[in-house]
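Chemist:
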Amino acid sequence: MANDSFAANVRAKRARLVSTVLQYALAAIVVVVVVFPVYWMIISSLKTSEELLRPVPSLWPAEFRWRNYSDALAMAPFGKYFFNTLVMTMGIMSLQLVIGSFAAYGFSKGRFPGRDALFVVVLGALMIPIQVTFVPIYGMVAKLHWINTFAGLIVPHAVSAYMIFMLRQTFKSVDDSFLEAARLEGMGRIGIIFKILVPMCKPTMLTVGIISFIDGWNSYFWPKMVTTTPFRRTIAQGVYELKRSYAGLETMNQNQIMAGAVMAVVPIIVLFVVLQKYILSGFSKAASK
Amino acid sequence: MKANGNAITGRRGASHRKREKAKDFLCVAPALAFFAVFVYYPLVDLFRIGFTNWNLIRDDYKYVGLKNYKWLFKGSGFDTWLASLKVTFSYTFWEIVITLAGGMLLAALFNRESKAFSAMRSIVFMPKYIAISTSAIVFMWILNDQYGFLNFVMGIFGKEPVAWLNSERTALTSVLILTGWRVVGYGMMIYLSAMKGISKDYYEAAELDGANAFLRFRHITLPLLSPTTLFLFVTTFIASMKVFQSIDVMTSGGPYESTNVMVYWIYDLAFVQFRVDRAAVVASVFFVILLAFTAATMKISNKSVHYES
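Here the protein sequences come in this chain order: A and B. Sequential numbering from 1 applies to the first sequence in our numbering. Sequential numbering from 290 applies to the second sequence in our numbering.
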């Protein structure tokens with residue numbers, strides 16, 4: 001009897017062990033498949049052209065050719081792309097945060113007639129993507145002489161309905177007594193928003209700020225429409241531009257193209273690793289609403 | 290509801306109250322002005338342009354009535370339009386399947402509390418944050434007919450090399466391979482965070498009733514995740530209908546228009562063929578389709594989604 005239950009116990013333990021090992025193994029396979037393109041990009045960026053075109057590809061470079069990076073930099077103005085992307089992204093993020101905070105305050109704590117109806121107007125904007133309306137927006141931006149300018153890159157993305165929605169939700173959760181106390185001390189709206197609400201909702205502010213930054217950094221559609229010269233191109237277009245500059249000779253210069261891709265991707269991977277806590281919490285928040 | 294404000298405003302009278310309301314409105318005014326100028330006005334303008342013969346080369350134009358609509362529905366644009374709708378919907382269908390089914394599967398696989406699993410989850414989620422255009426270029430290299438790694442691996446298993454991006458039969462699949470890599474971890478993360486919110490009591494009760502793991506998944510996890518599934522369905526639908534970046538970089542709509550998705554076609558009409566008027570009509574009709582489908586989804590889902598009470 002005691003022996004039986006002992007055997008059953010061992011069997012159950014073994015079954016659990018097998019399923020644990022299986023889970024680790026399957027998960028590891030998935031991870032390898034997901035990581036492979038990034039690995040392949042880095043490895044290819046370090047190979048010589050000769051090694052790149054071998055019929056049996058090597059998983060580790062026989063000879064490291066670091067010059068691919070300087071060659072890529074010589075082919076396309078990556079420094080310029082980085083600068084443009086940084087200015088555009090910071091511009092979009094700051095405008096979205098400031099205008100978004102004001103709007104979120106108004107829609108959560110403000111009192112004025114038609115408030116909730118107007119909030120529906122904000123949500124409605126989510127259903128009208130720039131991929132539908134870019135033709136008239138392009139016409140408007142062209143009339144303002146904003147083609148190939150930072151204004152043209154930034155202003156059409158200066159407000160995010162999604163961000164207002166997220167911030168409004170968080171501001172709502174702050175108890176009115178805090179605002180009341182601040183008002184009694186003579187604080188105005190700007191003080192209440194930036195000295196009370198924003199600091200109290202810091203995690204959400206960080207999350208939406210980071211998401212806005214990454215979206216801006218990776219944005220491709222509108223920057224492509226509004227820039228016609230390399231002078232104002234951004235990094236998301238940059239690698240494609242680099243590839244095109246080898247017109248017809250892409251295959252043998254794939255190592256330099258991959259070097260460009262590595263340079264474009266590294267900042268965002270670093271950012272992701274450092275800030276993933278906020279990025280992940282942002283997504284679970286979005287999903288639960 | 291207004292009790293908080295009254296203590297102050299009550300004393301200072303009606304004009305003060307009015308000013309306070311005006312100040313509150315001023316907080317939302319910049320955002321509203323933005324949406325009016327850069328979202329709603331362009332939408333109205335889009336429909337207006339559809340009735341003109343404007344192109345980017347000339348500055349003057351006149352109104353031509355339904356001419357552009359006739360081109361789309363009864364003229365030479367019709368076949369391209371149908372083909373484009375078909376490829377857009379089939380791309381969207383597969384992106385939704387990958388996000389929902391793939392995301393759910395990975396969520397079940399990666400649902401384990403340990404440092405190693407937490408790190409692995411982050412890695413699987415990360416591709417979403419790499420610019421599509423850049424990952425597209427990496428995938429083009431992996432999918433290269435002659436030197437690509439994928440054809441090499443298939444060769445090991447005795448498969449003939451595939452012309453991936455250069456064949457109209459496999460071009461959309463090639464784009465979807467990149468899409469799958471990008472979105473599956475996102476689906477997983479959304480499902481995992483929702484699964485964390487399901488109370489353990491349900492599972493314990495079901496286990497006492499003798500329900501096995503499959504039955505517990507089928508009758509507890511799945512129904513309680515339906516709001517999440519709806520969220521993923523609607524957001525993935527809207528996002529994937531707008532697919533452009535991967536198409537622009539990997540296929541330019543080809544070969545033979547086999548990946549000519551709607552937004553790429555609109556872009557091509559406007560900025561390559563300079564037919565802004567036609568682009569506007571295609572975009573207007575596309576908007577109506579998007580709106581109708583989203584509204585229909587919302588309506589159907591209101592009946593079939595289970596919420597945890």
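Cβ atoms here follow ideal geometry from the backbone N, Cα and C, with glycine treated the same way. Keep in mind the model is a prediction, meaning the values are calculated, not measured.
Going by beta carbon distance, what residues of the same chain come within less than 7 Å of B:Thr525, once the five residues before and after it are set aside?
Modeler: Residue numbering aside, residue 525 of chain B sits at position 236 when the second sequence is read from its first letter. Glu384, Ile385 and Thr388.
Chemist: Compare the C-alpha of B:Met530 against each of A:Val132, A:Arg233, A:Leu184 and A:Leu179 and name the closest.
Modeler: By one-based count along the second sequence, residue 530 of chain B stands at place 241. Per the Cα distances, A:Val132.
Chemist: Ends of the alpha helix (DSSP H) at B:Val464?
Modeler: For the purposes of this step, residue 464 of chain B is taken as residue 175 along the second sequence, with counting starting at 1. Counting along the chain, the alpha helix (DSSP H) containing B:Val464 begins and ends at Ala460 to Lys485.
Chemist: Can you tell me whether A:Thr234 is helix, strand or coil according to DSSP?
Modeler: Numbered from 1 along the first sequence, position 234 holds the residue referred to as residue 234 of chain A. If DSSP states are grouped into helix, strand and coil, A:Thr234 belongs with coil.
Chemist: Report the neighbours of A:Met258 on chain B: residues whose CB is nearer than 9 Å to its CB, in chain order.
Modeler: Reading the first sequence from its first residue, position 258 is the one you call residue 258 of chain A. Within chain B, the residues near A:Met258 are Ile426, Val427 and Trp430.
Chemist: Cα-Cα, which of A:Leu95, A:Leu197, A:Thr227 and A:Trp66 is closest to A:His145?
Modeler: Here residue 145 of chain A refers to the residue found at position 145 when the first sequence is read from its first residue. Checking every option, the nearest Cα to that of A:His145 belongs to A:Thr227.
Chemist: Which class does B:Asn295 belong to by DSSP, given the choice of helix, strand or coil?
Modeler: Residue numbering aside, residue 295 of chain B sits at position 6 when the second sequence is read from its first letter. Unreliable positioning characterises B:Asn295 in this predicted model, as indicated by a pLDDT of 48, which lies under 50. The coordinate reading is nonetheless provided below. Reduced to three states, the DSSP call for B:Asn295 is helix.
Chemist: Quick one: is B:Gly476 near chain A, going by C-beta distance under 8 Å?
Modeler: For the purposes of this step, residue 476 of chain B is identified with residue 187 of the second sequence, where counting begins at 1. With 8 Å as the cut-off, B:Gly476 does not count as an interface residue toward chain A.
Chemist: Report yes if the C-beta distance between B:Val571 and B:Ile555 is below 8 Å; otherwise report no.
Modeler: What you label residue 571 of chain B is simply residue 282 of the second sequence in a count that begins at 1. What you label residue 555 of chain B is simply residue 266 of the second sequence in a count that begins at 1. Closer than 8 Å, so yes.
Chemist: Report yes if the CB atom of B:Asn357 is closer than 8 Å to the CB atom of B:Val565, and no otherwise.
Modeler: Numbered from its first residue, the second sequence carries residue 357 of chain B at position 68. Numbered from its first residue, the second sequence carries residue 565 of chain B at position 276. Contact: no.
Chemist: Taking its Cβ as the centre, do 16 or more other Cβ atoms sit within 10 Å of A:Gln256, making it buried, or is it exposed?
Modeler: Position 256 of the first sequence, counting from 1, holds the residue named residue 256 of chain A. By the 10 Å Cβ count, A:Gln256 comes out buried.
Chemist: Ordered along the chain, which non-local residues of its own chain (more than five positions away) have a Cβ less than 6 Å from that of A:Ala161?
Modeler: Numbered from 1 along the first sequence, position 161 holds the residue referred to as residue 161 of chain A. If we look at A:Ala161 and ignore the five residues flanking it on each side, its Cβ neighbours are Val122, Ala125 and Leu126.
Chemist: Can you name, in chain order, every residue of its own chain whose Cβ lies under 8 Å from the Cβ of A:Leu97, other than the five neighbours on each side?
Modeler: Residue numbering aside, residue 97 of chain A sits at position 97 when the first sequence is read from its first letter. For A:Leu97, where only same-chain residues beyond five positions count, the Cβ hits under 8 Å are Met163, Met205, Val208, Gly209 and Ser212.
Chemist: Rounded to whole angstroms, how far is the Cβ of B:Asn549 from the Cβ of B:Val376, which I believe are closer than 8 Å?
Modeler: In the second sequence, counting from the first residue as 1, residue 549 of chain B sits at position 260. In the second sequence, counting from the first residue as 1, residue 376 of chain B sits at position 87. The pair is a contact, with the Cβ atoms about 6 Å apart (cut-off 8 Å).
Chemist: Name, please, each residue of chain B whose Cβ falls closer than 7 Å to the Cβ of A:Arg189.
Modeler: For the purposes of this step, residue 189 of chain A is taken as residue 189 along the first sequence, with counting starting at 1. Here the neighbours are Lys312 and Cys316.
Chemist: Looking at C-beta atoms only, is the number of pairs between the region 248-267 of chain A and the region 68-76 of chain A that lie closer than 8 Å three or more?
Modeler: Short answer: they touch.
Chemist: The region 68-85 of chain A: which residues have C-beta closer than 9 Å to a C-beta of chain B, in chain order?
Modeler: Those would be none; no residue qualifies.
Chemist: Take A:Lys13 and list the residues in its own chain whose beta-carbon comes closer than 8 Å to its own, dropping the five residues that flank it on each side.
Modeler: Against the first sequence, residue 13 of chain A aligns to sequence position 13. Nothing listed; no residue qualifies.
Chemist: From the DSSP output, which residues share a beta bridge with B:Tyr352?
Modeler: In the second sequence, counting from the first residue as 1, residue 352 of chain B sits at position 63. For B:Tyr352, which the question treats as bridged, DSSP gives the partners B:Thr341.
Chemist: Rounded to a whole number of angstroms, what is the C-alpha to C-alpha distance between A:Gln169 and A:Ser108?
Modeler: In the first sequence, counting from the first residue as 1, residue 169 of chain A sits at position 169. In the first sequence, counting from the first residue as 1, residue 108 of chain A sits at position 108. Looking at the two C-alpha atoms, the distance is approximately 8 Å.
Chemist: Can you tell me which of the three DSSP states B:Asn501 falls into?
Modeler: On the second sequence, position 212 is the one that residue 501 of chain B refers to. B:Asn501: coil per DSSP, three-state reduction.
Chemist: Compare the C-beta of B:Trp470 with all C-beta atoms of chain A and state if any pair is closer than 8 Å.
Modeler: Position 181 of the second sequence, counted from the first residue, corresponds to residue 470 of chain B. Yes, because at least one Cβ of chain A sits closer than 8 Å to the Cβ of B:Trp470.
Chemist: Run the CB neighbour count on B:Ala296, radius 10 Å, all protein chains shown included, and call it buried at 16 or more, exposed below.
Modeler: The residue labelled residue 296 of chain B in the question sits at position 7 within the second sequence. Interpretation of B:Ala296 is limited by its pLDDT of 49, a score under 50 that renders its predicted location unreliable; no figure is taken from the coordinates.
Chemist: To the nearest angstrom, report how far apart A:Ala117 and B:Leu321 are at their CA atoms.
Modeler: Here residue 117 of chain A refers to the residue found at position 117 of the first sequence. Here residue 321 of chain B refers to the residue found at position 32 of the second sequence. Rounded to whole angstroms, A:Ala117 to B:Leu321 spans 12 Å at the Cα level.
Chemist: Please classify A:Tyr138: does DSSP put it in a helix, a strand, or coil?
Modeler: Counted from its first residue, the first sequence places residue 138 of chain A at position 138. Here A:Tyr138 sits in helix by DSSP.
Chemist: Chain B partners of A:Thr207, CB-CB under 7 Å?
Modeler: Position 207 of the first sequence holds residue 207 of chain A. Result: empty, since nearest Cβ-Cβ is about 13 Å, beyond 7 Å.
Chemist: Please list, in chain order, all residues of the same chain as B:Phe336 whose beta carbon is under 8 Å from its beta carbon, the five residues on each side excluded.
Modeler: The sequence position of residue 336 of chain B within the second sequence is 47, counting from 1. So the list reads Ala569 and Ser573, once near-sequence residues are dropped.
Chemist: Determine, for B:Met621, whether the minimum Cβ-Cβ distance to residues of chain A falls below 8 Å.
Modeler: The shown model of chain B, from 290 to 598, leaves out residue 621 of chain B, and the question about it has no answer.
Chemist: Using 8 Å as the threshold, is the region 52-66 of chain A in touch with the region 21-36 of chain A, meaning 3 or more CB pairs across them?
Modeler: Flag = no, the region 52-66 of chain A and the region 21-36 of chain A do not touch.
Chemist: Relative to the C-alpha of B:Arg306, which residue among A:Asn68, A:Phe78 and A:Phe112 is closest?
Modeler: Here residue 306 of chain B is taken as the residue at index 17 of the second sequence, counted from 1. Closest by alpha carbon: A:Phe112.
Chemist: Looking only at C-alpha atoms, which of B:Ser590, B:Ala585, B:Arg567 and B:Thr583 sits nearest to B:Val353?
Modeler: The residue given as residue 353 of chain B occupies position 64 in the second sequence. Ranking B:Ser590, B:Ala585, B:Arg567 and B:Thr583 by Cα distance to B:Val353 puts B:Arg567 first.
Chemist: Between the Cα of A:Thr20 and those of B:Leu519, B:Gly302, B:Leu398 and B:Pro331, spot the shortest distance and give me the residue it belongs to.
Modeler: The residue given as residue 20 of chain A occupies position 20 in the first sequence. Minimum Cα distance to A:Thr20 is reached at B:Leu398.
Chemist: Find the residues of chain A that neighbour B:Val413, judging by a C-beta separation of less than 8 Å, and give them in chain order.
Modeler: Position 124 of the second sequence, counted from the start, is the residue given in the question as residue 413 of chain B. What B:Val413 touches in chain A: Val30, Val31 and Val34.
Chemist: Just to confirm the assignment, what range does the alpha helix (DSSP H) spanning B:Cys316 have?
Modeler: As a first step, residue 316 of chain B is located in the second sequence; it is residue number 27 there, counting from the start. B:Cys316 -> alpha helix (DSSP H) spans Ala303 to Phe324.
Chemist: At a CB distance below 9 Å, what residues from the region 43-71 of chain A approach chain B? Give them in sequence order.
Modeler: So the close ones are Ser44, Leu52, Leu53, Arg54, Pro55, Val56 and Pro57.
Chemist: Buried or exposed for A:Gly326, going by 16 or more other Cβ atoms inside 10 Å?
Modeler: This structure gives no information on residue 326 of chain A, because the portion of chain A shown stretches from 1 to 289.
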